[in-house]
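Visitor: Have a look at the structure that comes next, please.
In our numbering, the protein residues as written are 2 to 1123.
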């Protein structure tokens, strides 16, 4: 603990303090105190040190982006999904959700569980095999094997075997020891597998499987249509099949006498081992006979499963095979059960499917009960036990990307009652028709940890929908969905102003603001609209009030210093009524009567009373209309305060303040006019733009750059980096962009001058952040009053004091007055965030109104009144006049000001080579700090108020602007961002949470007894084949097969062994349980051996008895009498 006691009279510069993991390129090393005379001294005991911080990923939510592979452990009942970026998601029961990442980033081609062993084999596109240890909460790689000369195409691991078969592109089959991850010298060469007379190469290996009847027989399928059954003992082929059509998959009947193949022409062939010269059955499930007698040409059947059932006909399940002439049909999964054929249409292309069966043994009746279908953008499980094949309700949050995510918000330590309330409202709108059975992927263990508190994540989407998620205890569950599009009339195609701008997604959400205590919710949309919602448990008939704010500057305006001096800082507040008629306040740039004719908003609000269900109900819509053919600039900043009843928003033209209780516009003013005579810049005359229409197009550009699929799902004012650097009119365009992130984005391609006296400074200054709070608007103030803190893109901070009636009746009748601009402060770079501390260093929260249901029945004895909660800048009445500390963070630096003296106590240059994308004042370990995320990927924390660096970690490079849009911090040392278009990644920067993470994560592996194989009977055991006496070690071991060529594959040891030992040391109980099960299994095997030995002894005694009787019978006879 370090105590900062700085007397502000005659301060000297302190020596710099060190961070934990610093980068010399990321700013200075310590906050620099500045000499500022004041009669008081600040006494703040800072408790945070670098040891309180540790950055790591916690959990990933959502659907795996671009999935490629699927696997299921039928005993452990866990599911694995591989992706194109090298990620692996392992799922079990709700709460058991683990993400692993291959360092190479190579696509995962195939996954193979070591069934009931707590391990997983992954085959990647870089021709490397990896063995993952799943017996620890964070899986790690134990071994890797890199193939140098051949490309991996298919892998197969028999149940309870330690030898992995690996097929390659050259047609060869190699064998890998799973325990040592060393290649065996036993190889099935392609030229040995096929006949010598065959002139063509059979192609890559597309299938490998051992015969259910005899594990010593391996079925090898080649892409060209060749199938070979290889006798592993004799090292020769039992039979060869040459078929004309290419093979995609093969599946055995459990008896091992038949197998089925799927082909590229949409056909299924059934083969019998007794006669392999031709298939016993050829079917085209979706190919009809045309009028000319020929079959319809069909698409390939990519995979087929042939599963038997005890109580019914066998199941034949396959994907694809539809006829080509049926264009526009969705991808299908076909289930053939006896004579019944069911075609299930999917919303997205099928990547892979897997049939779930009761038994892990391939030589037993399979009894399938479900089918897991992995789609490109969804995961569904079909119930096979019911004739209508319903789907199971997915317990995982796989629909985050139902509409592309455009913004996120993260709230920790919410009021405990908000989650149950949202869930109860959202549960009424859930879909029905799901299977009544339990979700079949039920493996692993997860318990609610002791370090949990209510957390909510809010996602805004391109279709205008808002989703509230319960994120408590590192899980994610959807609570409530809100559709903002219901506020507006449905726009007709190619009609209206909105169609010209954002014809794809006119309702797309740009930002949200939520007050959990008052439950007031505000949404900013792409069409320059703001919607204010109130929460109610009752349905109601409401008419939405609509306001129009002409926050528009004429680009031809000439603003000179002399004119600026004559403009008053404060214009009279615009009067308004409670009626829903639109208001037309004075434009910041001055409007003419002719311009009012063109005052058309992008969207039309419903002008009739509508019935709204319980939940969030729209109360007010604010829109920025078109003016003089110019589109409105999008809203760049927003803040709402329920205690004041005010809403403030700004864009690159200016600032507006709305009284949402009285439904009136209080302030509508350009940024330049806010300064009055206190403008610190020499504003020069601005020349007219050369091309007005091109600027309009520029300002409403799309969000397509944020989505890698390059589809223009949504248009916003953000623009790609290449467009910024290549734009011919970049000088003029930069000044008309939406401010906050565009000015940040701009720093990628150009360096911005921090000089405040540049002659190229534009008079158009964007409002980048807003914050209501109790503060001191002027140096002379002795008591705090309601204020609005305004931050701009030029690094300016303005304080606007307000006078708000305190009595409830007066508040609804009298007007709120806004005073002239008070203090003007300055930073380098665009202002991003405000925060307030009292003089003891405690965080000051904004005042709020306690939630009350406006639609609840009136109680005449207890009339509803507004209950306000205020937080004074100091807990002590004696020191209330001392003031408070204001923390301001910009793209470049952070400063701490003492109010009301406005003296700068500390300043810290965060970065010179990059810029800050996101900054928040957050609570960590019962204290507060400033958390920052920079464009160069650094995550850093600074102590408050001294701005001493505590952590600086180079976490991830900003490869996608999606991360910049969605990264956000919250209390408790947590943060999140959208790691892909479909996934949310949560991280922690708290050492305390890092230490407790093992407890919070789920166990992937639980000790489970392997199910017993069915009793094959006495005769089958002796005469039914030698499947159980096949010793792979004899064939594939180094003693018999020798060593493989060193140049063929390279063994790479992993780090999972050490991690596994650590986990094993901490989980002795689990290890003892596993050892007990292993002993039980060993005892069971010994018992079986003892029974078999006893049986053999009985047989030998019987044989001896018969031999003795025969000897006695023939003892006294001559040889010729026999």
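Beta carbons are placed, not taken as given, at the ideal position from N, Cα and C, and that holds for glycine. These numbers were taken from a predicted model, which means no experiment stands behind them.
Near residue 841, which residues of its chain fall below 6 angstroms by C-beta distance, leaving aside the five closest residues on each side in sequence?
Guide: None.
Visitor: According to DSSP, which residues form a beta bridge with residue 211?
Guide: BP columns for residue 211 point to 219.
Visitor: Less than 8 angstroms between the C-beta atoms of residue 172 and residue 208, yes or no?
Guide: Not a contact, by the Cβ cut-off of 8 angstroms.
Visitor: Just to check my reading of the structure: residue 449 and residue 413 have Cβ atoms closer than 8 angstroms, yes? What is that Cβ distance to the nearest angstrom?
Guide: In fact, because the Cβ distance is near 16 angstroms, the residues do not count as touching under 8 angstroms.
Visitor: Looking only at C-alpha atoms, which of 798, 91, 337 and 528 sits nearest to residue 507?
Guide: Comparing Cα-Cα distances from residue 507 to each of 798, 91, 337 and 528, the minimum goes to 528.
Visitor: Please determine, among 461, 856, 277 and 983, the residue with the shortest C-alpha to C-alpha distance to residue 1137.
Guide: Because the chain is modelled from 2 through 1123, residue 1137 falls outside the range shown and cannot be assessed.
Visitor: Could you give the DSSP three-state label for residue 1014: helix, strand or coil?
Guide: Coil, per DSSP.
Visitor: Measure the alpha-carbon distance for residue 439 versus residue 386 and round it to whole angstroms.
Guide: Their backbone Cα atoms lie some 12 angstroms apart in a straight line.
Visitor: Give the secondary structure of residue 790 by DSSP, where H, G and I count as helix, E and B as strand, and everything else as coil.
Guide: Reduced to three states, the DSSP call for residue 790 is strand.
Visitor: By the 10 Å Cβ neighbour count, where 16 or more other Cβ atoms means buried, how is residue 626 classified, buried or exposed?
Guide: Buried, by the Cβ-count rule.
Visitor: Quick one, are the C-beta atoms of residue 836 and residue 778 less than 8 angstroms apart?
Guide: No, these two residues do not count as a Cβ contact at 8 angstroms.
Visitor: Suppose contacts are defined by Cβ-Cβ distances below 8 angstroms. Is residue 669 in contact with residue 657 by that definition?
Guide: It is a contact, given that the beta carbons lie within the stated cut-off.
Visitor: To the nearest whole angstrom, what separates the beta carbons of residue 436 and residue 384, a pair I think is in contact under 8 angstroms?
Guide: Residue 436 to residue 384, Cβ: 4 angstroms. Contact.
Visitor: For the region 372-423, which segments carrying the beta strand (DSSP E) assignment without a break, of at least 3 residues, lie completely within its bounds, in sequence order?
Guide: As far as the region 372-423 is concerned, its whole beta strand (DSSP E) runs of at least 3 residues are 380-384 and 406-413.
Visitor: Within the continuous beta strand (DSSP E) that includes residue 129, where are the two ends?
Guide: Taken as a continuous stretch (DSSP letters only), the beta strand (DSSP E) holding residue 129 covers 129-134.
Visitor: Are residue 867 and residue 772 closer than 8 angstroms when you measure CB to CB?
Guide: No. Outside cutoff.
Visitor: What number of angstroms, rounded off, separates the C-alpha of residue 1103 from the C-alpha of residue 1096?
Guide: Between residue 1103 and residue 1096, the C-alpha separation is close to 11 angstroms.
Visitor: Note down, in chain order, each residue of its chain lying with its Cβ closer than 6 angstroms to the Cβ of residue 55, except the 5 sequence neighbours on either side.
Guide: Result list for residue 55: 992 and 995, in chain order.
Visitor: From the DSSP secondary-structure annotation, give me the bridge partner or partners of residue 803.
Guide: According to DSSP, which records beta bridges pairwise, residue 803 is partnered with 819.
Visitor: Which value, in whole angstroms, describes the spacing of the CA atoms of residue 804 and residue 812?
Guide: Spanning the two alpha carbons is a distance of roughly 11 angstroms.
Visitor: For residue 355, which option in 409, 304, 432 and 398 has the closest C-alpha, if you only look at C-alpha atoms?
Guide: Cα-wise, what sits closest to residue 355 is 304.
Visitor: Name the residue from 268, 476, 477 and 467 whose alpha carbon lies nearest to the alpha carbon of residue 486.
Guide: Answer by Cα proximity: 467.
Visitor: Which of helix, strand or coil does DSSP assign to residue 824?
Guide: Of the three classes helix, strand and coil, the one that applies to residue 824 here is coil, per DSSP.
Visitor: Where does the unbroken alpha helix (DSSP H) through residue 1039 begin, and where does it stop?
Guide: Where residue 1039 is concerned, the enclosing alpha helix (DSSP H) stretches over 1039-1042.
Visitor: What separation, rounded to the nearest whole angstrom, lies between the Cα atoms of residue 1108 and residue 1115?
Guide: Cα-Cα distance, rounded: 11 angstroms.
Visitor: Check the DSSP bridge columns for residue 1050 and list the partner residues they point to.
Guide: According to DSSP, residue 1050 bridges with 148.
Visitor: Look at residue 141 and residue 1056 and say whether their C-beta atoms are less than 8 angstroms apart.
Guide: Yes, they are a contact pair.
Visitor: Roughly how many whole angstroms lie between the Cα atoms of residue 705 and residue 513?
Guide: Note that residue 705 has pLDDT 34, beneath the 50 cutoff, so the model's placement of it is unreliable and no number is given.
Visitor: Taking contact to mean 3 or more Cβ pairs, one atom from each stretch, closer than 8 angstroms, check whether the region 933-953 and the region 884-891 are in contact.
Guide: Cβ pair count under 8 angstroms is three or more, so yes.
Visitor: If you measure between the beta carbons of residue 267 and residue 300, is that distance less than 8 angstroms?
Guide: For residue 267 and residue 300, yes; Cβs fall inside 8 angstroms.
Visitor: Who pairs with residue 617 in a beta bridge, going by DSSP?
Guide: Paired residues: 536.
Visitor: Rounded to whole angstroms, what's the CA-CA distance from residue 620 to residue 663? Just pull it up for me.
Guide: Taking the straight line from one Cα to the other gives about 12 angstroms.
Visitor: Would you call the region 113-124 and the region 72-82 in contact, with 3 or more CB pairs under 8 angstroms?
Guide: Flag = yes, the region 113-124 and the region 72-82 touch.
Visitor: Just how far apart, CA to CA, sit residue 624 and residue 603?
Guide: Approximately 8 angstroms between the Cα atoms of the pair.
Visitor: How would you write the range of the beta strand (DSSP E) that residue 667 sits in, first residue to last?
Guide: Run containing residue 667: 665-671, per the beta strand (DSSP E) assignment.
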